[in-house]
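Under my numbering, read the sequence shown as residues -5 to 112, first letter to last.
Written out below as structure tokens is the structure these notes cover.
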Amino acid sequence: MSEAMGEAMGETMGEAMGEPDGASPLRVRIAPSGLEFAADPAQSILEAALRAGIRLPSSCRNGTCRACLSRLVSGTIRYRIEWPGLSADEKEDGYLLPCVACPQSDLEIVAPGAQRQD
Ligand code: FES
């Protein structure tokens, strides 16, 4: 079987199994504001929020300053960088950095500073 054929079959199987694609974005809900927006797994939570007109606290946008520190209530994320500025204990306690965290499922996060952009 050619490589191209294997890839084509993989894509078909992925769709049949309901895996996310570009046409079905994930949802991110922010507490306590109740703001909600669509997000793509390839985008950071911060980027997706900005695209939806929602401002989250941020500064460096590269996972070092911790200005965006938020808490994950539910869902799964993947970090873009190997060493985001969180301790192992903080990760275990559910803290996340939305500027470098990409959603891998629908999410609920606690980000008290979130607000709709004017
Ligand atoms: S904006 Fe600096 S760590 Fe997220």
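For glycine and all other residues, C-beta sits at the position ideal for the given N, C-alpha and C.
Please read all numbers here as calculations on a predicted model, not as lab measurements.
Mind checking which residues open and close the beta strand (DSSP E) that includes residue i?
{"i": "Arg60", "result": "Per DSSP, Arg60 belongs to no beta strand (DSSP E) and is neither H nor E."}
{"i": "Ala108", "result": "That residue, Ala108, is in no beta strand (DSSP E); it is neither H nor E in DSSP."}
{"i": "Val67", "result": "Ser64 to Ser68"}
{"i": "Val22", "result": "Leu20 to Ala25"}
So residue i is in the alpha helix (DSSP H); what residue range does that whole segment cover?
{"i": "Leu80", "result": "Leu80 -> no alpha helix (DSSP H), and no H or E assigned at all."}
{"i": "Arg45", "result": "Ile39 to Arg45"}
Are residue i and residue j closer than 7 Å when you measure CB to CB?
{"i": "Arg45", "j": "Cys93", "result": "no"}
{"i": "Leu91", "j": "Gly57", "result": "yes"}
{"i": "Leu40", "j": "Asp100", "result": "no"}
{"i": "Leu50", "j": "Ala105", "result": "yes"}
{"i": "Pro26", "j": "Gln98", "result": "no"}
{"i": "Arg74", "j": "Gly88", "result": "no"}
Under 6 Å from any heavy atom of ligand 1, does the C-beta of residue i make it?
{"i": "Leu90", "result": "no"}
{"i": "Ala61", "result": "yes"}
{"i": "Cys96", "result": "no"}
{"i": "Ser52", "result": "yes"}
{"i": "Arg55", "result": "yes"}
Buried or exposed for residue i, going by 16 or more other Cβ atoms inside 10 Å?
{"i": "Gly12", "result": "In this prediction, Gly12 scores a pLDDT of 40, lower than 50, which makes its location untrustworthy; no coordinate-derived value is stated."}
{"i": "Val67", "result": "exposed"}
{"i": "Ile103", "result": "buried"}
{"i": "Ser53", "result": "exposed"}
Does any residue of chain C have a CB that is nearer than 7 Å to the CB of residue i?
{"i": "Ser81", "result": "Absent here is chain C; the protein component of the structure consists of one chain."}
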